[in-house]
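>
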Amino acid sequence: MAKSLFVSDAGGIWLHDVHGKVRFFDGQAVLPRQGSILSDDYQQLTYLDNAFWTVIDGSLNKISTNDIRTSIVDLPVGTVIDKIGVSGKSIWLVSQDYFYTYNTQSLLLESYSLQSLTHFDKSKRVVVNDATFGISKWVLATNSGVFLSENQSFNHIPRSGDDYVETLFFSEKRREMLIGTLDGVLLIDLNDKSQEPQKIAQSHVLSIAETENEYWIGTENGLFVHSLLNQSTTKLKSNVHSSYSLKGHKIFSLVNDSQGGIWIATEKGVFYYSMFGQQFNRVPSKYLSKNMLDTDLQNITYLADNDEFLLTTADGVYRINANDPRQKDHIFEGQTHDAILQGDYLWLAIDSGLVNYDIAQSKILNISLPLFLGAAKVDRIEMDNSGVLWGVSGNRLWSYNPTTHRFEEYGDDWIVDAYLPATITQLKATLYNGIIIGTEHGTYSIKEQRIIFNIASSEYGQNHTVIEDRNGSVWFASDYGVYKQSKESSEIQPIPLAEDSISPKCLMETMEGVWLSSSRGLTLYSHAGQIKKQFGEPYGLINNEFLPSICASSQSSKHPQLVIGSTLGLVKVSAEQLSVSNLPHSPVIISQIKVDDKLLSVGSTSTFSIEYGRSLSLTFGALPQTANLNLEYRLTENSSWLPIDGAQLTLESLRPGNYLLHLRSSVSEQRNKLHSYLSFQVVEPWYLSMSAFSVYVCSVISVLIFIVWWRSRMMTRANRLLKEQIDLKTSQLRHQSKIVLSNNLQLRKQIQVRHALLENILLAIEPRLDKLKYAAHEANQIELETLMDEARIELQQVKNIRSDSESSTLIHNLSLVLESVVTSWNDEFSISGMTLDTEIESKKSYVKLQQFNLDVIFNALLSDAMKRLYKNQTLFVRCYETNQRVLVTMSDQGVSAKNIEQTMTTTSGFALNQLSDLVEQSGGEINVYVSKEQNVVQLSWPIADPEQLESGLNVFSKALNENLLDDSEVLWLSKVEQLVMDNFFDAEFSTANVVKVLFMSERSFQRRFKTATGKTFKEYLNEVRLEKACQRLLSGEKVSQVAFECGFNDPSYFSQRFKHYFGLSPTQFIDEHQE
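Numbering-wise (UniProt numbering), the sequence shown opens with residue 1 and increments by one.
1) Grab the span of the alpha helix (DSSP H) containing MET866 for me, first residue to last.
2) Where ILE364 and SER445 are concerned, what is the direct C-alpha to C-alpha distance, given to the nearest angstrom?
3) Mind the definition here: the segment 611-620 touches the segment 645-652 only if three or more C-beta pairs lie below 8 Å; say whether that holds.
4) Does DSSP put HIS735 in a helix, a strand or coil?
5) May I ask you to report which of helix, strand or coil DSSP gives residue 1078?
6) To which residues of the same chain is TYR419 closer than 7 Å at the C-beta, ignoring the five residues directly before and after it?
7) For a test of the three-state rule: what should DSSP assign to PHE693, helix, strand or coil?
8) Per the DSSP calculation, residue 1084 is bridged to which residue(s)?
9) Is it buried or exposed for ALA575, if we count other Cβ within 10 angstroms and need 16 for buried?
10) Give me the residue from GLU933, TRP92, ILE726 with the minimum Cα distance to LEU1064.
11) If we call anything under 7 Å between Cβ atoms a contact, is LYS290 one with HIS337?
12) By alpha-carbon positions, which one of LEU1026, LEU1033, TYR400 ends up nearest to TYR1053?
13) Could you name the residues of the same chain whose beta carbon sits closer than 6 Å to that of HIS249, not counting the 5 residues immediately before and after it, in chain order?
14) Between the segment 42-55 and the segment 5-22, do at least 3 Cβ pairs fall closer than 8 Å?
15) Taking the alpha-carbon of ALA29 as reference, which of LEU15, LEU38, SER490 has the nearest alpha-carbon?
16) Within the segment 188-261, note down every full beta strand (DSSP E) run reaching 3 residues or more, in order along the chain.
17) In angstroms, rounded to a whole number, what distance separates the CA positions of TRP710 and LEU722?
18) Give me the Cβ distance between TYR677 and LEU660, rounded to the nearest whole Å; I'm assuming they're in contact under 8 Å.
19) Contact check, THR103 vs SER90 under 8 Å by CB: the rounded distance?
20) Under three-state DSSP, which class holds ARG159?
21) According to the Cβ coordinates, are ALA265 and ALA2 closer than 7 Å?
22) From the DSSP output, which residues share a beta bridge with SER95?
23) Between the alpha carbons of VAL205 and VAL165, how many angstroms are there, rounded?
24) Would GLN1056 be called buried (16 or more neighbouring beta carbons within 10 Å of its own) or exposed?
25) Give the straight-line distance between the Cα atoms of LEU733 and TYR1061, rounded to the nearest whole angstrom.
26) Thinking just about the alpha-carbon of each residue, which of VAL466, ASN463, GLN485 is nearest to the one in SER473?
27) Short check: CB of ASN544 to CB of GLU537, under 7 Å?
28) Is GLY88 near PHE133, with beta carbons less than 7 Å apart?
29) Which partner residues does PRO504 have in the DSSP bridge list?
30) Tell me whether ASN983 sits in a helix, a strand or coil according to DSSP, three-state version.
31) LYS932: buried (16+ other C-beta within 10 angstroms of its C-beta) or exposed?
32) Out of ALA209, VAL270, GLY261, which one is the CA nearest neighbour of LEU254?
33) Please report the straight-line C-alpha distance between PHE829 and ASP837, rounded to a whole angstrom.
34) Sorted by chain position, which residues of the same chain lie with C-beta nearer than 8 Å to ASN281's C-beta, five sequence neighbours on each side aside?
35) Kindly indicate which residue of ASN385, LEU38, TYR400, PRO504 has the alpha-carbon position closest to the one of VAL378.
36) Can you confirm whether LYS867, when its beta carbon is compared against all beta carbons of chain C, has any partner nearer than 7 Å?
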């Protein structure tokens, strides 16, 4: 239970309860939910300049809303403060003997003696209950009257007597002093002190507050309001059924929030009263019935050209004065469902039919009506512009012309079957759109004797009200929204609502626009359908209080009024005055600020700072309490507005700098009254300062310079190493190429020597064969002579197989060559799972060749066949003679051989030749036949006569005899090479050893060897030794061991010669080989 209320400088209300705890109310919640804002409980506490003031340990302390305590001034030693309060900008304190004041602006502490109070009434202890500063002096309220300061003491005011005075209030605006006593308030006009005090509110006064035109007085027996306009005092009473009613009788504290509201603290809680709500006059429902009991309202109809209206209720019809709704005339008694005014006549819909009432003569007229209208219950009635009366009985629609007495019944077949059963809720005659029938599923219209259902209206649910505005547009209020229909079009135009969850109730029109009563209050629309004003709780109205379909407006009056049916009775308001009124300014309250979930402040908007990287959490509210608080914010003037989800905002990752947080309502109609600002700073950390950035830039530049320098060093080193490696590789390749060329030269020489040796052997055999042939001829051994000729022919073929190409015609045994090649390929075909099927008709098929390359041709064909054939396939090779030519055919069923003629084949040396060119060079022909079934390659050469072979043998023998000297030179050179190969490992082996074996002088040997090889014997011997050493090093032997085994006594000399010859040392050579 709150005993004191304080208005926060930043908005919101501080609550100080009877237990000494302090809490904050922001319109949404009370903070904290448990406990107190302050760490300690204080019974004597007051509030000024956004801080609490109290006395702790003999000194006046100021406690911030963040619970930071500061000692302001020390009081005399031993001083015990009994009471503390605020008057203006001063803090006053009362002890047993002194009265202290501390001015927060001048920072002066003054003391006043209370000895005069003690001497005034020695029978009792005088207790100071309240104090205030009026004009130029301090006034004290005590249990023995009122005392006025004089110099540094107080004097009693005789006119106050010795009665108990509870509280004081000084009005600076009116220069009036209000003294609260046990039996009311004494109102003293300080401008005219001779005037007798005015007595207000006959009860024990506990609190006093001032508004623009009133004094509010809280007593132990309720709340009184004294009007300064008519000098009347009214005791406020509330409806006990309303959630906004004032509960409790003891009014402990009254506070004017300076925003059009009064906060009231009672023994039952804290309540709010809006001064704006005084525009709404209420008539409780019990005053609207004859027996002062609550009654059900049915309809409201304003009388023309006056301030009276007819109220239809469950117990009859009342004629009520709009200026004083309690003045009523019960003109018809009985349950009435609807009423319609026709001039001075009133048609009433009752359970027994229709009744016509003469308002001027206040009597019921006896008229003849159709039997149906005189007996059946009538639920709703309406009159069109031609005077025809339309009505509904149940769901049966009818019309009646009072002038012609014509009655027509339309039944209920016009209702769409899909929506049966249905209930008719409205009946409205319009000027341009005919008769509108509202139902629980939409609206129908009767125009030109046709009833049409507006299917688009079904989306809006049950219809409550239909009105036609001055422009001819028809407005509809239904369960799910408001829409209108122009007189030119049948299409409906949705009308925006102030909130999405609003439930429309009733529509009214005045000069100011169209008014909508709803579950959220009262909304004013322009005739175009735009929202102009919205009024709701807590500004005089209550959510969900308005009744559907029950409202009226006095359009013809000079001062149009709105009368709306409520669950609590009637609400009456001036449409003209309300349309120009603005709701009180209600700033957004930043009730709580947290930094990283640690409470920073409550109810304070003073500028603060937070560290960089911290998260900022803000909790919002608005006074008075605002339902569905929808806010948006921005941090800078140029930034866009962002929505806030709920009543809390968390800001993270804020950059250093100064921020001005601007808060406002996201609802455009509330932005003028619901906004706020908060200034704060995010402190820049040292590592984000300009000096730090300068250090960073210098560091980065230094690192980049170091990286560039280091990289240049590394690149220079790498380039040097790479250059050395390239030079080493180049030298290696150069020397290796020299070795390859030298080896090729030696191989060529060896081949020449072996050819020459073979020819010499053949030449040595040939004279012996001639002698054998001659002996056989002399002995008449024909058979032996034939064998000798065949042997000579075979030897001649061996001679023809040589490395050089000559233009002379060669004769060879093709069968022998083919058989030799096939034999060498048999194993390869067998390993691959293929078969080589060979058939050679004659073993002596001699052919004439321009160049011997038969082995190369046959090798190429068999190699290509292995690539084309699959496993278990067979290559068929056939050799036979036909038409003076020897034919060789190769057939298979492998992959197509259409490009076999372009097969590239290596001959002697490094030359590449096509297979077709090789066949042509040999003097033969090649034909390739390719089909899906098989591949056939056919080769042919001309047949040679054995006699041609004999003549060729004689010619070759003659030419060979001319070159015998060259062959002897080869034999000599081979003998030298053999000596070197047998003795190169001997370090003592030299030219002297060779000439001893060859029986030559050293000079003759050197000249002859240089002529034959182009180099000296020493150079040749070193090359042989180094090449043998290279082979041994590759096999993994040690350098020193290789040096001695290859004829070098000194390993260092060996390394020197090896590097000179190969371009790298033996150790480097081994490392390169291992890599």
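Glycine is no exception: its CB is placed at the ideal position from the N, C-alpha and C atoms.
The structure says:
1) Note, MET866: alpha helix (DSSP H), 854-868.
2) Roughly 32 Å between the two C-alpha positions.
3) Using a C-beta cut-off of 8 Å, the segment 611-620 makes contact with the segment 645-652, since at least three inter-stretch Cβ pairs fall below that distance.
4) Assignment of HIS735 by DSSP, reduced to helix, strand and coil, places it in the helix class.
5) Since the first residue shown for the chain is 1 and the last is 1075, residue 1078 is missing from the structure and cannot be characterised.
6) Only HIS441 meet the Cβ criterion.
7) In the structure shown, PHE693 sits in a helix (DSSP, three-state: H, G or I).
8) The chain is shown only over 1 to 1075; residue 1084 falls outside these bounds and no answer can be derived.
9) Buried: at least 16 other Cβ atoms inside 10 Å.
10) Considering only alpha carbons, the answer is ILE726.
11) No. Outside cutoff.
12) Nearest of LEU1026, LEU1033, TYR400 to TYR1053, Cα basis: LEU1026.
13) Residues ASN221, GLY222 of the same chain have their beta carbon placed closer than 6 Å to that of HIS249, with the five preceding and five following residues left out of the count.
14) In short, these stretches touch, since the Cβ pair count reaches three.
15) The shortest CA-to-CA distance from ALA29 to any of LEU15, LEU38, SER490 is the one to LEU15.
16) Complete beta strand (DSSP E) runs here, min 3: 198-200, 205-210, 214-219, 222-227, 233-235, 251-256.
17) Distance between the alpha carbons of TRP710 and LEU722 is about 18 Å.
18) Yes, TYR677 and LEU660 are in contact; Cβ-Cβ is about 6 Å, under 8 Å.
19) Residue 103 is actually Asn in this sequence, not Thr. The beta-carbon distance between ASN103 and SER90, rounded to whole angstroms, is 5 Å. This is short enough to meet the 8 Å contact definition.
20) It is helical.
21) The criterion of a C-beta distance shorter than 7 Å is satisfied by ALA265 and ALA2.
22) Paired residue(s): none; SER95 is not in a bridge.
23) Computed Cα separation, rounded: 9 Å.
24) GLN1056 comes out exposed.
25) The alpha-carbon atoms of LEU733 and TYR1061 are separated by roughly 11 Å.
26) Distances from the alpha-carbon of SER473 to those of VAL466, ASN463, GLN485 put GLN485 closest.
27) Cβ atoms of ASN544 and GLU537: not closer than 7 Å.
28) A distance below 7 Å separates the beta carbons of GLY88 and PHE133.
29) Answer by DSSP bridge pairing, in chain order: SER518.
30) ASN983: helix per DSSP, three-state reduction.
31) Its Cβ having fewer than 16 others within 10 Å, LYS932 is exposed.
32) Nearest C-alpha to LEU254 among ALA209, VAL270, GLY261: ALA209.
33) The straight-line gap from Cα to Cα measures roughly 11 Å.
34) The residues are PRO325, VAL571, LYS572, VAL573.
35) The shortest C-alpha separation from VAL378 is found at TYR400.
36) Absent from the structure: chain C. Only one protein chain is present.
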